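Notes to accompany the following structure.
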Amino acid sequence: MTSTFDYVVAGGGSAGCALAARLAEDPQVTVCLVEAGGKGRDLFIRMPAGNGFVFGNPRFDWGYHSVPQPSLNGRQINFPRGKALGGSSIVNGMIYMRGVPADYHGWCQSGLAGWGYNDVLPYFRKAEGARDRRDGWHGTDGPLKTEPSSNFGTLDRAFVDAAVAAGHEELADVNGSRRTGVTRTDSTVSRGVRQSSAIAYLKNPPANLTIRTEQQIARVVIENSRARGVETTRGETIRASRDVVLCMGAFGTPQVLMLSGIGPAEHLRAHGIQPNIDLPGVGASLADHVNVPIQYGSDRLDLSHARHQRLDKAAILMARWLINGKGPGGGSLFSTALFHAFADPELPELEVFMTPMIMAESLGDDGDEKTPLLQRLGRRLLVRGRKVARPGVQIDINQQRPKSLGTVRLASADPLDDPLIDPGYLSDASDLNDLVQGVKAMREVMGQPQIAQYVTGELGVWSGTRTDDEIIGAIRETAYSGHHPCATARMGGVNDPGAVLDEKLKVRGIEGLRVCDAAAMPGQITGNLYATVIMMAEKAADMILGREPLPAEYPEKETQ
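Here the sequence shown stands for residues 3 to 562, numbered as in the numbering used here.
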């Protein structure tokens with residue numbers, strides 16, 4: 003079976019949904035959006051507190067994992083990635099966070115004209131529909147709705163106050179003029195509903211946008227060095243008369259490029275794939291925020307999100323959300339963030355989250371833990387496949403721009419086989435210094451009376467660690483992904499030998515093929531990736547349709 007469209011968007015993730023919707027605003031073109039998963043509108047996707055039913059669920063989550071990590075005591079790290087329209091915006095923490103201006107200025111200075119902060123700011127604003135922000139940094143009419151995190155409670159306020167007491171500045175908006183400090187976060191939630199890119203951009207698809215779900219891409223069809231369409235694992239060919247745009251994420255996009263003969267030639271030949279073009283940068287430069295979690299015990303169940311996991315409490319939470327979208331079920335569990343800078347406040351090295359409960363990031367069943375019966379039953383309702391939540395405080399220290407980079411490689415030439423993901427965590431020993439110093443800085447915050455009154459001390463391997471060597475040992479035992487992989491098919495200047503794409507997101511050496519997702523990012527940024535990926539899709543739509551870019555904006559000058 004073969005069908006033809008002007009544009010084929012391969013992958014209905016965070017970028018793919020936004021890009022397809024914007025391309026289809028031109029009534030003169032036809033667009034086909036192809037997604038391996040379902041429609042992404044299930045109850046527990048829409049409900050912000052429903053992550054437990056999505057995370058680790060093979061219906062919604064690709065369930066990737068890394069190869070064993072030598073610097074993390076040989077552990078394999080879980081990489082949840084969304085499998086439905088909306089992609090990983092159906093499993094993320096719903097935090098609205100851009101990079102800092104210096105991140106995008108760096109993109110521009112590396113040879114990517116049009117990607118400086120002031121160039122991309124109008125696209126952030128075009129995408130955003132902020133409920134409570136009214137200034138030059140934010141948009142109010144865009145499809146991606148944002149609002150202050152609604153579950154900001156007593157422990158969140160105590161953490162902010164403790165951070166201020168330890169010398170950190172409290173900021174009203176870390177997406178504005180300054181980033182280094184502590185803040186209540188903004189969430190991609192509106193009226194109690196998660197704002198995945200599918201929910202935000204595909205409410206009413208126009209007639210010229212065809213959406214095909216449950217169709218996994220096997221490869222790009224390339225004829226005479228030009229992309230002509232995609233082939234699915236069902237054997238269907240979907241042809242594109244203009245462009246194919248890969249939007250399959252930091253793992254899926256490089257995998258499909260390599261399956262299509264685009265990538266490091268020797269690696270492709272080793273799997274029996276004839277190279278169409280030798281691009282060594284495909285699958286290279288994998289960057290992720292490594293996350294170090296420190297857990298603190300507490301006897302204040304009444305202040306913890308864990309109280310909602312008991313079966314009767316969970317039922318009340320769900321009922322309240324179903325009635326009016328309100329209550330704890332209608333908000334992100336992450337309400338507080340701190341950015342810590344060691345040297346330059348314009349480029350903080352660490353992003354720290356405080357969560358008012360503790361729960362191991364485990365995809366296993368782990369048996370019945372020693373907890374009351376009602377809470378064990380509640381676990382089945384809200385956090386399937388994860389451990390029981392407990393009262394306490396979890397501090398997650400994310401390193402923002404690690405020097406340690408990794409790779410994505412093919413396990414085989416079968417598109418149904420997961421790729422081999424090696425994030426290379428802590429392979430550059432210098433990354434440990436920032437993390438060790440970050441642990442010390444957060445211990446200073448947690449030692450302040452404003453938050454110390456609510457906790458009973460560090461738990462697990464962290465308890466009793468004091469020397470740098472002991473802290474490093476605890477980091478190796480506990481660190482995992484910050485869930486922000488990127489740069490595996492990155493943009494780069496003309497003299498960048500590792501670049502896969504030019505500044506127009508075009509794949510080098512192949513006509514009619516572009517990439518628009520986190521894989522295309524030139525490198526890691528300071529903050530969560532979702533907002534930046536949406537911005538890239540907004541900007542890409544103008545590029546692909548030949549529109550003039552939105553004029554650069556300079557709100558910082560207005561406030562001086």
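Backbone N, C-alpha and C fix where the C-beta goes; we use that ideal spot for every residue, glycine too. Owing to the predicted nature of the structure, the values given are computational and were not obtained by experimental measurement.
How should residue i be labelled, buried or exposed, when 16 other C-beta atoms within 10 angstroms of its C-beta is the threshold for buried?
i	result
residue 294	buried
residue 285	buried
residue 53	buried
residue 329	buried
residue 90	buried
residue 13	buried
residue 548	exposed
residue 236	exposed
residue 147	buried
residue 369	At residue 369, the pLDDT of 42 sits below 50, so the modelled position is not reliable; the number obtained from the coordinates is stated separately. Residue 369 should be labelled exposed.
residue 156	exposed
residue 259	buried
residue 268	exposed
residue 227	exposed
residue 169	exposed
residue 75	exposed
With a Cβ-Cβ cutoff of 8 Å, do residue i and residue j count as a contact?
i	j	result
residue 500	residue 287	yes
residue 101	residue 527	yes
residue 406	residue 429	yes
residue 441	residue 296	yes
residue 234	residue 4	no
residue 42	residue 200	yes
residue 417	residue 174	no
residue 31	residue 22	no
residue 395	residue 358	yes
residue 450	residue 167	yes
Do you know offhand how far residue i's Cα is from residue j's?
i	j	result
residue 141	residue 59	34 Å
residue 82	residue 551	34 Å
residue 301	residue 392	9 Å
residue 205	residue 315	32 Å
residue 494	residue 112	7 Å
residue 217	residue 298	44 Å
residue 331	residue 11	33 Å
residue 291	residue 252	13 Å
residue 457	residue 339	19 Å
residue 120	residue 114	13 Å
residue 179	residue 318	40 Å
residue 323	residue 48	11 Å
residue 412	residue 126	34 Å
residue 1	residue 397	Residue 1 falls outside the range modelled here, since the chain spans only 3 to 562, and no answer is possible.
residue 153	residue 9	41 Å
residue 479	residue 463	8 Å
residue 325	residue 136	30 Å
residue 6	residue 443	57 Å
residue 303	residue 55	23 Å
residue 107	residue 117	7 Å
residue 138	residue 172	20 Å
residue 446	residue 431	24 Å
residue 19	residue 404	30 Å
residue 354	residue 400	6 Å
residue 165	residue 534	27 Å
Check whether the Cβ of residue i lies closer than 8 Å to any Cβ atom in chain B.
i	result
residue 459	No chain B is part of this structure, which consists of one protein chain only.
Tell me which residues share the same chain as residue i and place their Cβ nearer than 8 Å to its Cβ, disregarding the 5 neighbours each side in the sequence.
i	result
residue 149	132, 133, 134, 188, 189, 191 and 192
residue 516	245, 246, 247, 248, 503, 506, 507, 508, 509, 542 and 546
residue 79	67, 68, 71, 425, 427, 482 and 483
residue 439	344
residue 514	228, 229, 230, 242, 244, 245 and 246
residue 29	208 and 210
residue 305	155, 156, 157, 358, 393 and 456
Counting only the same chain and skipping the five closest in sequence on each side, list residues whose C-beta sits under 7 Å from that of residue i.
i	result
residue 347	182
residue 264	278, 279, 281, 284, 509 and 512
residue 556	120
residue 486	290, 291, 530 and 531
residue 518	17, 21, 247, 249, 507, 538, 539 and 542
residue 350	181, 182, 341, 342, 343, 402 and 528
residue 496	113
residue 334	50, 95, 96, 97, 151, 153, 189 and 191
residue 103	119
Grab me the residues of residue i's own chain with a C-beta within less than 6 Å of its C-beta, minus the 5 sequence neighbours each way, in chain order.
i	result
residue 176	185
residue 490	252, 256, 285, 288, 410 and 521
residue 498	none
residue 64	83 and 85
Could you tell me which whole alpha helix (DSSP H) segments of length 4 or greater appear in the region 178–262? 199–203 and 251–261
Mind listing, in chain order, the continuous beta strand (DSSP E) runs of no fewer than 3 residues lying wholly within the region 140–183? 146–150
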